[in-house]
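Q:
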Amino acid sequence: MPAIIIFFASFSVSLHKSLPFLLRKKKSSQQKQYSGDKTGPDHWGLLDPAYVTCDDGMQQSPVDINKNSLSRFVTCAKKSLDFDYKPIKDAVAHFNGHTVEIDWTPGPKTHNNSITIGKKQYNLVQFHFHTPSEHRINGRHADAELHLVHRNPEDKSLAVIGVLLQAQATNVPFFKYITALHKSVLAAIKPSSSPSNPSLEALLQDTACYGTQPIGEEGTKVDHKVPVINFSPLVHALKGFTPRWEYSGSLTTPPCSESVAWNVMHDPYPIGLEQLRALVDLQGYNARDIMDSRGAAHK
Ligand SMILES: *[C@@H]1O[C@H](CO)[C@@H](O)[C@H](O)[C@H]1NC(C)=O
Ligand SMILES: [Zn+2]
1 MPAIIIFFAS FSVSLHKSLP FLLRKKKSSQ QKQYSGDKTG PDHWGLLDPA
51 YVTCDDGMQQ SPVDINKNSL SRFVTCAKKS LDFDYKPIKD AVAHFNGHTV
101 EIDWTPGPKT HNNSITIGKK QYNLVQFHFH TPSEHRINGR HADAELHLVH
151 RNPEDKSLAV IGVLLQAQAT NVPFFKYITA LHKSVLAAIK PSSSPSNPSL
201 EALLQDTACY GTQPIGEEGT KVDHKVPVIN FSPLVHALKG FTPRWEYSGS
251 LTTPPCSESV AWNVMHDPYP IGLEQLRALV DLQGYNARDI MDSRGAAHK
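Residue numbers (UniProt numbering): 1 to 299.
(1) Whose CB is closer than 5 Å to a heavy atom of ligand 1? List the residues in chain order.
(2) For residue 278, which residues of its own chain have a beta-carbon under 6 Å away from its beta-carbon, when the five flanking residues on both sides are left out?
(3) So, helix, strand or coil for residue 277, using DSSP?
(4) Less than 6 Å separating the Cβ of residue 131 from some heavy atom of ligand 2?
(5) When the Cα of residue 148 is compared with those of 260, 76, 142, 137, which residue comes out closest?
(6) The beta strand (DSSP E) spanning residue 147 covers which residue range?
(7) Closer than 6 Å: is that where the CB of residue 141 sits relative to any heavy atom of ligand 2?
(8) Can you tell which of 220, 96, 248, 113 has the C-alpha that lies nearest to the C-alpha of residue 232?
(9) If I'm right that residue 276 touches residue 167 with Cβ under 8 Å, what's the distance once you round it to whole angstroms?
(10) Buried or exposed, going by whether 16 or more other CB atoms sit within 10 Å of the CB of residue 187?
(11) Is it true that the CB of residue 105 sits closer than 7 Å to the CB of residue 256?
(12) Looking at residue 125: is its Cβ nearer than 7 Å to the Cβ of residue 184?
(13) Let me check one thing: in DSSP terms, what residues is residue 129 bridge-paired to?
(14) Between which two residues does the alpha helix (DSSP H) harbouring residue 46 extend?
(15) Comparing alpha-carbon positions, which option in 264, 298, 235 lies nearest residue 75?
(16) I'd like the list of long-range same chain contacts for residue 295, defined as Cβ closer than 6 Å, with 5 residues on each side in sequence excluded.
(17) I need the DSSP call for residue 116, collapsed to helix, strand or coil.
(18) What does a CB cutoff of less than 6 Å around residue 45 pick up in its chain, not counting 5 residues either side in sequence?
(19) Taking just the CA atoms, how far does residue 156 sit from residue 280?
(20) Can you round the beta-carbon distance between residue 228 and residue 89 to whole angstroms, since I take them to be within the 8 Å contact cut?
(21) Using the three-state DSSP reduction, which class does residue 63 fall into: helix, strand or coil?
(22) With residue 178 as the anchor, note down where its alpha helix (DSSP H) starts and where it stops.
(23) For residue 268, which residues from the same chain have a beta carbon less than 8 Å from its beta carbon, with the 5 sequence-adjacent residues on both sides left out?
(24) Where residue 243 and residue 82 are concerned, what is the direct C-alpha to C-alpha distance, given to the nearest angstrom?
(25) Identify which residue in 271, 47, 68 has its Cα closest to the Cα of residue 237.
(26) Looking only at its own chain, which residues have a Cβ that is under 8 Å from the Cβ of residue 132, when we skip the five neighbours before and after it?
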């Protein structure tokens, strides 16, 4: 999605300006992006004039879907949602330094997977993951969240289907490409090069206490080809995207644009523990915090 590409491009520029010593050595860190430092979500609105909506918007996402204090704009969906999904061929799973995303290039004759909400049709353009979930139900995160991003071909407005994912012991066929991508990324990453700041390096290398370094940008050059993605089991388990909440919200990454038609599925979908671990190992924490009941990021 163009918005996300723009965001990551300017984001890495800002990182170099604001965090000279740690990040010059280590180009990217997905921990930094979502923690409370100068490049975290609390500061997105300051990173670029195009991102002011992240701070000033009043229809921001994600939200807590809470039966005791339901945000006034979230409702149990009443609009019809029809879908026309067929298996997608020749998709690519990749990791952009922050998020695992699956996309594809539709040919002129390729079937467009689409949803129709009310009378408006949106084509599926990509899907990606957040760990843990961004939306919460009664204050609780799910283990992960799948975002199926759709765009209306005329006015370019977006509709996103959010599916909460709950870990289970056995792996789930729909997510096979996650563990495959993870393996390819690990295989491609070289051991870190020599330190520019030995004492800091020594500290970071103390893996017994601090664990290994996040994969970050080093893993971004790896594409994993996915010959076919069959949505039927997912759509079937979600009863054809039927029981769901709907509200008008925003992108959860800069530029945080509003008027996104959100459809958060009521029923969770399973993800295998091994698949979830692979996702967490790649992405780390990449969930924006929930907005207040007015839909604003700040009090
Ligand atoms: C799929 O959508 C794209 C973008 O709107 C459009 O250009 C293309 O013609 C559509 N393909 C079909 C088969 O309808
Ligand atoms: Zn998302």
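Glycine is no exception: its CB is placed at the ideal position from the N, C-alpha and C atoms.
Computed from a prediction, not measured in an experiment: that's the story for all the values here.
A: Well, looking at it:
(1) 112, 153
(2) 178, 179, 182
(3) helix
(4) no
(5) 260
(6) 144 to 151
(7) no
(8) 113
(9) 5 Å
(10) exposed
(11) no
(12) no
(13) 146
(14) 44 to 47
(15) 264
(16) 58, 59, 60
(17) strand
(18) 51, 52, 54, 55
(19) 31 Å
(20) 5 Å
(21) coil
(22) 176 to 188
(23) 142, 163, 164, 165, 166
(24) 13 Å
(25) 271
(26) 141, 142, 143, 144, 145, 285, 287
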